[in-house]
Structures are given as C-alpha cells and as structure tokens.
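Report on one structure; see the data block that follows.
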Amino acid sequence: MKRKRRRVKKRIKVIGAVILGYILLYFTVSIYYQDRWYPNTSINGINVSNMTYTQSKELFDETIKNYALEIVGKDKISFKINGKDIDLAVDFESNLKKDFISHKNNRSIFGIFSNHSHEINLNVSYDQDKIEELINESILIKGSKTYEIKKSVSAHIEYDNETKSGKIVDEIEGNELDLKKFNSLVKETLNKITPKIYLNDNKKYPGIYKKCSDEVDEKKLKEQLEIYNNYLLNWITWDMGEGVTETITPENIKDWIKIDEENKVTIDKDSMGEWIEDFCLKYKTVGKKRNFTTHSGQVIEISGGDYGWRLDYEKIVDQVYNVITDKTNNQLINAYISNHSKENIKALTTQLEPVYSHKGYKKDYENFENDWDTQNYSEIDITEQMVYVYRDGQQVFSSKCVTGMPPTEDRITRTGVWYIKEKMPEKILVGEDYRTPSKFWVRIMWTGTGYHYLERSDWANWSPTLYLTKGSHGCINLQYEDAKTVYELVRIGDPVFIHY
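Residue numbering for the sequence shown follows UniProt numbering, beginning at 1 and increasing consecutively.
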C-alpha cells in the first residue's frame, strides 16, 4: 500500500515538473521572441533567424546595398550582375513589416522547432536597358576565346579515328542559351534578390539551353551509317606500270563524303574530282618541256602540243565513283572494322587499269618527258622551212616545205610536240574562205594542221622566207613526191616536233 502511494506521488512530481517546464519555456519564448523572428526563419532566401524586426530590416538594407546576382552556366563559367550597375532599387519595408506581424500572430510555442520559409513581394525595380545590355554582352551569350558558344548537335554520323570507320554520335547538347528564356529567368531572379543560380539544374530551368529542334529517326540513321561505311571503306589501286601504283584509301574518301542536315550520305564529286585532277596531272606528259636534238645537232627545249600521256579525267571520275557507290558485302566491312588486318584491307581493295585519253610511246617516271620514240619521228623547222623524217634512229628523208603565214593566229603553224593522228591518200581541205583538194594527207593537229601535197605556182621560187608572205593556213605544204614520201614513211602515233 505504501509502495503504491510512493509511485503516485512520483508521477505527480514528474507531471508537475513537465508542466512547470512548459510554463517556463512558454514565458521564456514569449518574452524573448515577442519582437523577434523564430529560429530557422528565412525571407526570400535571407536568413533572419532570432533577429529583431529592426535587425532583419538592416540586414535587408545591407544585402540590397551589396547585392550581386551570380549566374553559373556550363563548365562552371559564370558572370555577375551587380545591383549598382543596373540601378537596382527595392521597396521592401512595408511588406517585411506585414510579414513580421503575421509571423508573430500565427505562431505557436512549438514553432521554434520548425522551419519557416517566407516569400514577400520586394517591389524590385532596375534599368531594363542596362540589364538587357549586360545579358547580351555576357560571356554566357557571346562566349570568349576560352568559352566558345556551341549549338546543340543532333545525333549524327561522323568518322571515328579509332575504328577508321563511321559511327553514330548521340545528340550533343550545346551551351547556346535560349535568350528569351534566359532574359525572363534573370529578371525573375532579380525580383527575388536571389544571389546565385545554376543553369545546369535541368529540373529548375528546363529548356534554358537550346536543344535540337528535330528528332532523328534512329532506323534511318543506321541505314545511312551502312551507306557511309559502304562508301568509305574502299581501297582503289591503279597499276601505272614500271612498278608504280597509285591508291585511294578511306583517308582520302572520308573528305569526299557529305552528310546533310537529314543525315543523308552522298559523295561530293567536286572534292573527289580535285584528288583525281591532281592524280591525272601527276602522270600527264602532254605539253611538258622536252629536250630535243634538232637535225643540226642543237639541243633545244620544246613545250606545248598534244603528244604524251594524259589520263582521261572523266573516265577516271566514273571509275572511282562506281567503285565507291557499288554495294559492298557487309561482312567484309564489319570484318575490317573489327580488325584492320592486311587480309581485310585486301578484301576491300579494287584493282583498276588507268584509262588514257592520250598515250605516249613509253613511261619513264624518273624523267617524265622521256616518253617518246627517239628512233621514229619527224621534225619541222619553221625557220629553215624544212621537214625531216627519222626511222630507226636515222634521218631518212628531208624536204623543203611551206608552213602557216604569221602573224595571224588562225594561220600560223603552232610549235610543240604533236603526234600523227590519221593518214588519208586524198582529202578536201575546207576553211572559211577555201575548199582545196589535196593528196597524201597526214593529220598532225585536230584543228586541221597536217602534212599534205599542194600544187603551188611558186615552188620554183621557194625560199625559207616564202611563208612570211605566202604561207599556208597552218598546214605543212609539200611538193607531190615529197608529200608521197612523207606519207609512206610516217606512222600513226609518231611524234612530230615543230620549232623555229
């Protein structure tokens, strides 16, 4: 019985102590916080915990006086907007006072253990022109040498240096801001006197960075990647003779592949043509300077004419384009992508024969001009008005001639190294003001110059200067027997050296 009484008394004491403690806490809190903000209280992000109203007002004054908004973008690049630079003014006092009164009237003693986050209208104003100028000139909009503004890039195909083939690159988000949204965000943030914002927070600021407008069809992208690698993974080799080869590799082809905005893969024929043009010029001997020993033993330089080697540019372009665009077995392509072995390269290699529009007699890649038959050719000396024919290394014939009359361009006989193109026993020569039958026609130039017989009344008065006043329309006029002999001696393809 006594024990029971002791327990009851003990409970009464505990309850009494709790009530007393509550009363003491109540009066302490009520007295201390009668003109203060509760703990854990912030207003528009400014911590005013345990402050009196006057202290919180002074803190607001100080905060506004020194206010600067820091905006942090990608790569931790940031810029600040100082309130002083935009004539920032904040009329907050009346709304702060109202919020303080409301805070006092609507709180309980247990509120000291809670968080209190308030938002008030700060009535912020600033110079609109100044803020927009700062935004437009900021590093986040204009960029810098170290922070380049880059647009977002859709998923696309590009060359991969590691696999030496094409690959699909996922969409890459750039750092180009949506200026309209960014402007609105900055002004909204200034209105709250927020000191710092992070633009990378996609949840808070969705769409602040521009994204690609069009979605890429994944299936079509994979189809175009197959075409890309089909074009790219080709080795094209020509046997140029004399142990010399020329090869196009994917390193060349990758620069010719065009991918448009819709990821459509095509071959840029202009870029491809530039490589082929260089290739053709490398082996071209037509028109090159050649050292030539004349009938008198004098060594002269002759250039021009159409004799020599010349690759057929148009046909080479067709060759290359057809090889690149022809369908290749995907197994061969995938095998190479996995393993760049010689065997896998060989499987993707096409051997071609060079196609020529002009051919010389031989190839000499150490001395390109040494491409003619030095044993069989003919020579026309315009100064001496003489023709010389060589067979098997010997001069076997010579005769006088009459060449074109200078200085008219359409009548002179052009110098250079040419070749015999056709032979006809009879031919009618046609010009603007003449139509002349001739015999023993041997064409030297496609423009109409050639050896031929011409009956002239002045052969008896011939001299090396006759052509200056009574020259031909460009042809090499010969007497009958001379023309017949030349016709019989020369062969189609023989070089013809014409010089002064």
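Cβ coordinates follow ideal geometry from the N, Cα and C atoms, glycine included.
Just tell me which of the options has its CA closest to the CA of residue i.
i	options	result
glycine 448	Gly474, Thr469 and Glu379	Gly474
glutamate 384	Gln55, Leu332 and Tyr467	Tyr467
leucine 59	Gly45, Lys282 and Tyr388	Gly45
valine 387	Gln395, Asp178 and Lys400	Lys400
aspartate 160	Lys142, Lys203 and Leu233	Leu233
asparagine 175	Ile253, Ser463 and Lys210	Lys210
aspartate 239	Pro354, Glu62, Leu177 and Lys97	Pro354
asparagine 370	Thr293, Thr63, Ile333 and Arg435	Thr293
isoleucine 64	Glu93, Ile253, Gly73 and Ile337	Glu93
leucine 348	Leu177, Trp235, Glu262 and Phe100	Trp235
lysine 362	Asn263, Glu171, Tyr205 and Glu242	Glu242
histidine 116	Gly393, Pro39 and Asn339	Pro39
asparagine 367	Asp255, Tyr67, Lys284 and Glu62	Lys284
tyrosine 480	Thr325, Gln34, Ile253 and Glu426	Glu426
residue 507	Leu134, Lys327, Trp37 and Gly73	Since the displayed the chain opens at 1 and closes at 500, residue 507 lies outside it and no answer follows.
arginine 391	Asp482, Ser296, Thr374 and Tyr147	Thr374
lysine 57	Val72, Asp91, Tyr33 and Gly73	Asp91
To the nearest angstrom, how far is it from the Cα of residue i to the Cα of residue j?
i	j	result
glutamine 351	glutamate 226	23 Å
serine 78	leucine 199	10 Å
lysine 439	valine 486	12 Å
alanine 89	valine 124	6 Å
glycine 450	glutamate 301	22 Å
isoleucine 149	glutamine 224	29 Å
alanine 335	asparagine 344	7 Å
aspartate 260	lysine 203	33 Å
threonine 465	glycine 416	21 Å
lysine 220	lysine 342	32 Å
arginine 411	serine 472	7 Å
isoleucine 43	aspartate 178	30 Å
glutamate 173	lysine 180	18 Å
glutamine 55	lysine 187	28 Å
valine 153	glutamate 162	21 Å
lysine 151	cysteine 212	8 Å
Starting from residue i and walking both ways along the beta strand (DSSP E), at which residues does that stretch end?
i	result
glycine 360	Element bounds for glycine 360: n/a, residue is neither H nor E.
alanine 68	68-72
lysine 346	Counting along the chain, lysine 346 falls outside any beta strand (DSSP E), though it belongs to the alpha helix (DSSP H) covering 342-347.
methionine 424	422-430
residue 501	This structure leaves residue 501 out entirely; the chain is present only between 1 and 500.
asparagine 477	476-478
glycine 450	450-453
State the start and end residues of the unbroken alpha helix (DSSP H) segment that holds residue i.
i	result
asparagine 191	179-191
proline 250	250-253
Quick one, are the C-beta atoms of residue i and residue j less than 9 Å apart?
i	j	result
isoleucine 81	leucine 190	yes
isoleucine 498	isoleucine 444	yes
tryptophan 441	tyrosine 307	no
threonine 413	isoleucine 476	yes
isoleucine 157	lysine 164	no
serine 357	arginine 310	yes
glutamate 119	isoleucine 197	no
aspartate 87	aspartate 127	yes
isoleucine 428	threonine 403	no
lysine 484	tyrosine 453	yes
tyrosine 313	glycine 273	yes
tyrosine 53	leucine 96	yes
phenylalanine 279	glutamate 246	yes
threonine 266	isoleucine 257	yes
alanine 68	proline 195	yes
aspartate 85	lysine 130	yes
isoleucine 337	isoleucine 253	no
isoleucine 382	tyrosine 500	yes
proline 495	serine 303	no
glutamate 132	asparagine 183	yes
Quiz item: So does the segment 96-108 actually touch the segment 135-149, counting three or more Cβ pairs closer than 8 Å?
Solution: no
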